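Visitor: Take this structure, written in structure tokens, and hold onto it; I'll ask about it next.
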Amino acid sequence: MWISGIIAVMVAIECLEAGLSTLSKAAMVKGMSDFVFVTYSNALALLFFLPSTFIYYRKRPCPRLPFSIVCRIFILSLISSPTMWSAMNGLVPAFTFLLAIVTRMEKLDLKVWSSQAKSIGTIVTVVGAYIVIFYQGPPIIFYQSFPNLDALILSPLSNWIIGGFLLATSSFLTSLLLIVQTWIIRDYPAELVVTLFGCIFVTILSTIIALLAERDPNTWKLRPDVELVTIAYSAIFLVSIRSVVHAWACRTKGPVFVTVFKPLGMVFTIAMGVSFLRDTLHIGSVIGAATIAVGFYSVMWGKSNEVMNIEDSGIPGLDSSTDNIPLLQNKSMDV
Numbered sequence: 001m002w003i004s005g006i007i008a009v010m011v012a013i014e015c016l017e018a019g020l021s022t023l024s025k026a027a028m029v030k031g032m033s034d035f036v037f038v039t040y041s042n043a044l045a046l047l048f049f050l051p052s053t054f055i056y057y058r059k060r061p062c063p064r065l066p067f068s069i070v071c072r073i074f075i076l077s078l079i080s081s082p083t084m085w086s087a088m089n090g091l092v093p094a095f096t097f098l099l100a101i102v103t104r105m106e107k108l109d110l111k112v113w114s115s116q117a118k119s120i121g122t123i124v125t126v127v128g129a130y131i132v133i134f135y136q137g138p139p140i141i142f143y144q145s146f147p148n149l150d151a152l153i154l155s156p157l158s159n160w161i162i163g164g165f166l167l168a169t170s171s172f173l174t175s176l177l178l179i180v181q182t183w184i185i186r187d188y189p190a191e192l193v194v195t196l197f198g199c200i201f202v203t204i205l206s207t208i209i210a211l212l213a214e215r216d217p218n219t220w221k222l223r224p225d226v227e228l229v230t231i232a233y234s235a236i237f238l239v240s241i242r243s244v245v246h247a248w249a250c251r252t253k254g255p256v257f258v259t260v261f262k263p264l265g266m267v268f269t270i271a272m273g274v275s276f277l278r279d280t281l282h283i284g285s286v287i288g289a290a291t292i293a294v295g296f297y298s299v300m301w302g303k304s305n306e307v308m309n310i311e312d313s314g315i316p317g318l319d320s321s322t323d324n325i326p327l328l329q330n331k332s333m334d335v
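Residue numbers for the sequence shown follow the UniProt record's numbering, beginning at 1 and rising by one.
Laid out in structure tokens, this is it:
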């Protein structure tokens, strides 16, 4: 029952991310600056976080925040990517799985069925994600394309190579982000405080970058249309709620558990794009979505069997998501 609740929450978060991708696409087609979008979203989320954190810790002690934790949160804000599109999430499960094994957050024993299921499921999920991205096939549901779509498809090969490199880099940084977040939250188990300080740092950094990148004052003007809705949606549901949920999930279940849901966001994005933006649905998207579902089920089966085996053996510390990990062992917190 407990694991079912966590899965439901994570699936809901991916659905919210897909909603942001759909809204962002509609807003940026109308000319919204992505730099200004990130700045306003984090600034608005900060206004939400400040009173929420003070109210939450008004009647309960807040753990003392060491300077080392503040430095880690600053590193976390440097490698975070708040505006990542769903297509960038294809390699995230693979990168995170490898990094989690290297940092001993995840255990890998290929002689055990659960580890085999997690490994194969991760590979299948990544394959499904890239079927969606690179293979279209004949259209199933066809709508008129955006005018600039043909120009995008016929762009020089060098642009596609650079774009692919940037997407892979972004995926690696997202994986590193989750590893660092788990490292922080297991030493300092206060999700609201960590997310609040992370939001402060991201707001400051994104404001500096946006001021350097956007010199036209008109780009900073908010229009009361889909642009304002997108910023408010991102601030409340993604920057605020998603950040806290991901921090909590990283602490309780580990970073690999979080990233395995990422390709599901791609499936939700396709469905919303077809439903609301009249995107064309291709057979490749359907095949990729089915492949993602198979890989996702395999990883979930492996994780659930791993937990059951540990409970049956009665040996703490073998679970990949427990707090008793040599590299990330919890320390007593002064209050």
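Cβ coordinates follow ideal geometry from the N, Cα and C atoms, glycine included.
In this text the structure is predicted, and so the values were computed from the model without any measurement.
What residue from S285, A247, M32, G273 has the CA that sits closest to I6's CA?
Guide: Closest by alpha carbon: A247.
Visitor: Which same chain residues end up closer than 6 Å to S285 when comparing Cβ atoms and leaving out the 5 residues on each side of it in sequence?
Guide: Taken in chain order, the residues that qualify are V132, I270.
Visitor: Using DSSP's beta-bridge definition, name the partner residues of P139.
Guide: Answer is H282, bridged to P139.
Visitor: At 4 residues or longer, and completely inside the segment 39 to 79: list those alpha helix (DSSP H) runs for me, N to C.
Guide: Within the segment 39 to 79, the complete alpha helix (DSSP H) runs of at least 4 residues are 67 to 79.
Visitor: Measuring only the C-alpha atoms, how far is residue 345 from E227?
Guide: Only positions 1 to 335 of the chain appear in the structure, and residue 345 is not among them; the question remains open.
Visitor: Grouping DSSP H, G and I as helix and E and B as strand, with all else coil, what is D187?
Guide: If DSSP states are grouped into helix, strand and coil, D187 belongs with the helices.
Visitor: In this structure, does DSSP put L16 in helix, strand or coil?
Guide: The answer is helix: DSSP assigns L16 an H, G or I state.
Visitor: Among P255, R242, G254, which has the Cα closest to the Cα of E14?
Guide: The option with the nearest alpha carbon to E14 is R242.
Visitor: Does the Cβ of M308 have 16 or more other Cβ atoms within 10 Å, making it buried, or fewer, making it exposed?
Guide: Exposed, by the Cβ-count rule.
Visitor: Mind reading off the beta-carbon distance from I69 to I184? Whole number of angstroms is fine, and I expect it under 8 Å.
Guide: Rounded, the Cβ-Cβ distance is 6 Å, consistent with contact.
Visitor: Return yes when the Cβ of G302 is within less than 7 Å of the Cβ of A117, no when it is not.
Guide: Closer than 7 Å, so yes.
Visitor: Can you tell me the Cα-Cα spacing of T169 and Y297, whole angstroms?
Guide: T169 and Y297: Cα-Cα distance of roughly 27 Å.
Visitor: Between the Cα of G295 and those of S24, A12, V126, V36, spot the shortest distance and give me the residue it belongs to.
Guide: Residue V126 is the option with its Cα nearest to G295.
Visitor: What residue from A12, F172, M32, L238 has the CA that sits closest to D216's CA?
Guide: Of A12, F172, M32, L238, the residue nearest in Cα terms is M32.
Visitor: For V202, count neighbouring C-beta atoms within 10 Å of its own C-beta (all shown protein chains included) and say buried if the count is 16 or more, exposed if not.
Guide: Label assigned to V202: buried.
Visitor: So what does DSSP say about K107, is it helix, strand or coil?
Guide: Three-state result, K107: coil.
Visitor: Note down, in chain order, each residue of its chain lying with its Cβ closer than 7 Å to the Cβ of V9, except the 5 sequence neighbours on either side.
Guide: V245, listed in sequence order.
Visitor: Have a look at F174 and Q181 and give me their C-alpha separation to the nearest angstrom.
Guide: Before going further, note that residue 174 is Thr rather than Phe in the sequence given. Spanning the two alpha carbons is a distance of roughly 10 Å.
Visitor: How many Å lie between V193 and L212 at the Cα?
Guide: The straight-line gap from Cα to Cα measures roughly 29 Å.
Visitor: Can you tell me where the alpha helix (DSSP H) holding E227 begins and where it ends?
Guide: From DSSP, the alpha helix (DSSP H) with E227 extends over 226 to 233.
Visitor: For a test of the three-state rule: what should DSSP assign to N268, helix, strand or coil?
Guide: In the sequence under discussion, the amino acid at residue 268 is Phe, which differs from the Asn named in the question. It is helical.
Visitor: For V260, which three-state DSSP category applies?
Guide: Coil, per DSSP.
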